[in-house]
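Line by line, the protein sequences give chains A and B. Note that this note's numbering numbers the first sequence so that position 83 is 83, with each residue one more than the last. Note that this note's numbering numbers the second sequence so that position 296 is 296, with each residue one more than the last. Where a beta carbon is used, it is the ideal one built from N, C-alpha and C, also for glycine. Predicted model, so just to flag it, every value in this text is computed and none were measured. Right, one structure below, let's go through it.
Protein chains: 2
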Amino acid sequence: MSIRIGILGYGNLGRGVECAVKQNPDMELAAVFTRRNPENVKILTEKAAVCRVEDAAEWKDKIDVMILCGGSATDLPGQTPEYARLFHVVDSFDTHAKIPRHFANVDAAAKEGGKVAVISVGWDPGLFSLNRMYANAILPEGKDYTFWGKGVSQGHSDAIRRIAGVKNAKQYTIPVDEALELVRKGGNPELTTRQKHTRECFVVLEEGADAVRVEEEIKTMPNYFADYDTTVHFISEEELLKEHGGIPHGGFVIRSGRTGWEGENRHVIEYSLKLDSNPEFTASVIVAYARAAYRLASEGQSGCKTVFDIAPAYLSAKRGEELRAELL
Amino acid sequence: MSIRIGILGYGNLGRGVECAVKQNPDMELAAVFTRRNPENVKILTEKAAVCRVEDAAEWKDKIDVMILCGGSATDLPGQTPEYARLFHVVDSFDTHAKIPRHFANVDAAAKEGGKVAVISVGWDPGLFSLNRMYANAILPEGKDYTFWGKGVSQGHSDAIRRIAGVKNAKQYTIPVDEALELVRKGGNPELTTRQKHTRECFVVLEEGADAVRVEEEIKTMPNYFADYDTTVHFISEEELLKEHGGIPHGGFVIRSGRTGWEGENRHVIEYSLKLDSNPEFTASVIVAYARAAYRLASEGQSGCKTVFDIAPAYLSAKRGEELRAELL
C-alpha cells in the first residue's frame, strides 16, 4: 500500500511536494489543504482532493504523513505542533535560532498525539546540516564554512521591493570564488562577511523614481546589504520576468581539518548543491523524510526528530539488502 | 568514562586510528593487538598496551570497541565475525561485491555474541556510499557518478611492482576534468572508463631493465591499465621517496537529477574529498563510527550495521540539544 501524503499550503513548496510525490511510486497524494477557496485552487494531480484547511482533521485516518508547506515566520510555529497531534508531519522550519524552541513545542505535541514529526527538513537546514555534522564528527580539529548561492534570496528581494520607487526586484547571493578557493586549499582562513559573498540586485523602478537614491538605499541597508559588496542593475519589468523568473539556489558546505599525531595532514570535505528550483529540491528532500517518518511510526516511535536523528536507510524506498548491494 | 578502544593490526590504518583516538576526548586507546612480537612494535600512545593478537580475548571486559585494521582480501572475512562474538567491532571491509556475504556472516556472529558490528566504514565504502544513498533517495530520477582521485592506488602500484625489472612504483588515479565538468552541468552524460579517469605511474627500474618493455607491459595490463590513458614516468628511487612518499587520495560523488511535473528542472548534488592521508582519514571515519557502535550497544542493540543503518547523531560526541543549536 502506498504512503498517503497530505499537503498543507499550496504555494511553490506545496507544488514542489506534489511533483516529488509523483516521482516516488510508493507514495500517493491524497489531498491538498488550502486557506483559499478550494474551488479556486487548481492542482496537478488528478486523483487528489482539494480541501479547506479547516477540514484537515477529518482526514486523520486517510492521510499517513501531512507535509506542512507554510512559512517559518508565522505559519509553522503554530501549525507544526497543532497538526503533530493529529498526523505524522514534516516541516521545513528554517529560522535557525528558533529551532531549539520549535523542537520542544513540536516534541511535546507529537508525543501527546503518538505521532512522528520531522522538523527543519530541506537543504539548509537539512542536507547542509547533515554534512556539517558528519564532517565535524569525522574531523574534530577543523573549521566549517558555509557559502550560499549563486541563488535567489527571497528575503533580500523582498527588502528591495519595500524601498519607495521600486516596482519589482530580484536579488542573487553569490559566493566569492577566491574565498572558496582559499577554503578548498585547507588553510582554515578567517573570512569576513564581505569576503565570502557578494550581492547582485536586478531592480525595476516605478516611473519617475530616482535611481541614484534607490541604489544608495539598497547598498546602505543594514544587515541586508551594508556589509556586502553589492551591485545594482536597473532593468525593465519585461527583462526581469524573462531573465530572472526562476528560483535557482545552491551553495557549499566545506570543512577543512587536520589529522596525524601532530596534525601534520590536511583534509577537505566539500558538499555542494546547484539547484534550478529551490522549492522543488527542498520538496524532494521533504518527501524522502516523509517516507522516513512513516517508517519510524510503523516501528512505534513518536516525538520530534531532525535529520540528525534518522538513519539514512529510512529515506530510501529500497530494502537494506538492495542498498548494501547497489549503493554501499 | 571514556570509550575504551582496541586496535587490531598496527599498520597505516592502525596508526591512523591511534591518531584519531587522540583527537577525541571521550575516547582512550586501551591496547594494540599485533601478529608481530609486541616487544618490537613501538606505538605512539604512552599509556596503551601492546599485546599479541592471541591474547585479545583476555581483554573482553577491558575494551569497549575493537577496531579491526586488517585487509579486506584475507584478514577481515575471518576476523570480523570472529571478534564480533567477543567485542563491539568496526571494520573497513571494502570489497564492494562481497559486502552482502560479509554482512550476513558478521550479523550472525554479532547477534550470537550480543554485540554491535559496523562494517565497511571509511570513505568508499562509507561516506561516498552515504552520499550516493541520500542523493538517490532525494532525486529518484537521476544518474550517479563516482570519480576517484587524485590519489594513490595501492592495488595499481602493487601491480606495477610485480613486473620484472621494476624496483618500485607508485600509481596515481586522476579524474578527468572535462568529464567532471560535463557531469556538473547536469546533462547526465554516458561516460566510458577511459573518459572518466587517467592513470599516472612513477616507476623505478632495476639496473639494466628495459624501459620500453616495462612501459608496454604496464600500458597493456588488462583490467588495471589497458582501458585507461596511462602515462609512465621513469624516475630514481630517491625522487620516488621524496616526491611520492605520501598516501593522498580523494574523489567525487555526483548525482544529477530532475524535478518538476515534467522533469523541467535540473539539480546537481556533489560531494568531494581531498585527503593528504588516505589511511588517517579512513581511520577518522572509523573512530566516529566506533562511538556510534558503543552508543547503539548501550541502547541494547546488536547485530551488523552499515553506515546506512546509523542515525548521524550517534557519530558525534555532542548531545542532541547541542547539535540542534550549533549545527542544524
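For B:Gly70, no pairing in a beta bridge is given by DSSP.
Distance from the CA atom of A:Ser272 to the CA atom of B:Lys170, rounded to whole angstroms, is 31 Å.
At a Cβ-Cβ threshold of 7 Å, A:Val65 and A:Ile119 do not count as neighbours.
Membership of B:Asp177 in the alpha helix (DSSP H) is indicated by the continuous run Asp177 to Arg184. Residues of the stretch 8-25 of chain B whose Cβ lies closer than 9 Å to any Cβ of chain A, in chain order: Arg15, Gly16, Glu18, Cys19, Ala20, Lys22, Gln23, Asn24 and Pro25.
Note on geometry: alpha-carbon atoms of A:Glu200 and A:Thr230 lie some 6 Å from one another. Within the stretch 34-109 of chain A, the alpha helix (DSSP H) runs of at least 4 residues that lie entirely inside it are, in chain order, 76-84.
The beta carbon of A:Ser129 is closer than 8 Å to those of Ser120, Thr306, Val307 and Phe308 in its chain, skipping five residues each way along the sequence.
Less than 7 Å divides the Cβ of A:Leu29 from the Cβ of A:Ala48.
A:Leu241 sits in a helix when the DSSP states are folded into three classes. Going by DSSP, B:Lys143 is part of the beta strand (DSSP E) stretching over Gly142 to Trp148. At a cut-off of 7 Å between beta carbons, A:Leu191 makes no contact with chain B.
In the DSSP assignment, A:Asn131 falls within the alpha helix (DSSP H) that extends over Leu127 to Ile138. Using a Cβ-Cβ cut-off of 7 Å, A:Asn105 does not count as an interface residue toward chain B, since no Cβ of chain B sits closer than that to its own. Sorting B:Trp261, B:Ala297 and B:Ile63 by C-alpha distance to the C-alpha of A:Glu46 places B:Trp261 at the top.
Rounded to whole angstroms, the separation of the alpha carbons of A:Val89 and B:Thr95 is 39 Å. Between B:Val41 and B:Tyr10 a beta carbon distance of about 6 Å is seen, short of the 8 Å cut, so the two are scored as contacting. A:Ser284: not part of any beta strand (DSSP E); member of the alpha helix (DSSP H) spanning Asn278 to Ser298, first to last residue. By DSSP's assignment, B:Leu29 forms a beta bridge with B:Ile5. Judged by DSSP secondary structure, B:Val212 falls within the alpha helix (DSSP H) whose first and last residues are Ala211 to Lys219. Counting C-beta atoms within 10 angstroms of its own C-beta, B:Leu44 has fewer than 16 neighbours from the protein chains shown and is therefore classed as exposed. For A:Ser153, there is no enclosing alpha helix (DSSP H), as DSSP marks it with neither H nor E. Listed along chain A are Arg324 and Leu328, each with a C-beta nearer than 7 Å to that of B:Ile99. Just measuring C-alpha positions, the residue of B:Arg295, B:His249, B:Gly303 and B:Glu141 sitting nearest B:Ala317 is B:Arg295. Contact holds between the stretch 237-251 of chain B and the stretch 157-175 of chain B, because three or more Cβ pairs, one in each stretch, are under 8 Å apart. At least 7 Å separates the CB of B:Thr146 from every CB of chain A. The three-state secondary structure of B:Gln301, taken from DSSP, is coil.
Between B:Val152 and B:Ile286, the C-beta spacing is not below 7 Å.
By the neighbour-count definition (other C-beta atoms within 10 Å, threshold 16), B:Asn223 is an exposed residue. For A:Arg194, the three-state secondary structure derived from DSSP is helix. The three-state secondary structure of B:Asp158, taken from DSSP, is helix. A distance below 7 Å between beta-carbons, with the five flanking residues on each side excluded, links A:Phe202 to the following residues of its chain, in chain order: Ala169, Lys170, His233, Ile235, Leu240 and His244.
Among the CB atoms of chain A, one or more fall inside 7 Å of the CB of B:Lys274.
In this structure, B:Cys69 keeps its C-beta atom at 7 Å or more from the C-beta atom of B:Leu127. Straight across, the Cα-Cα distance linking A:Lys143 with A:Leu327 is about 29 Å. For A:Lys274, the enclosing beta strand (DSSP E) has its first and last residue at Asn265 to Leu275.
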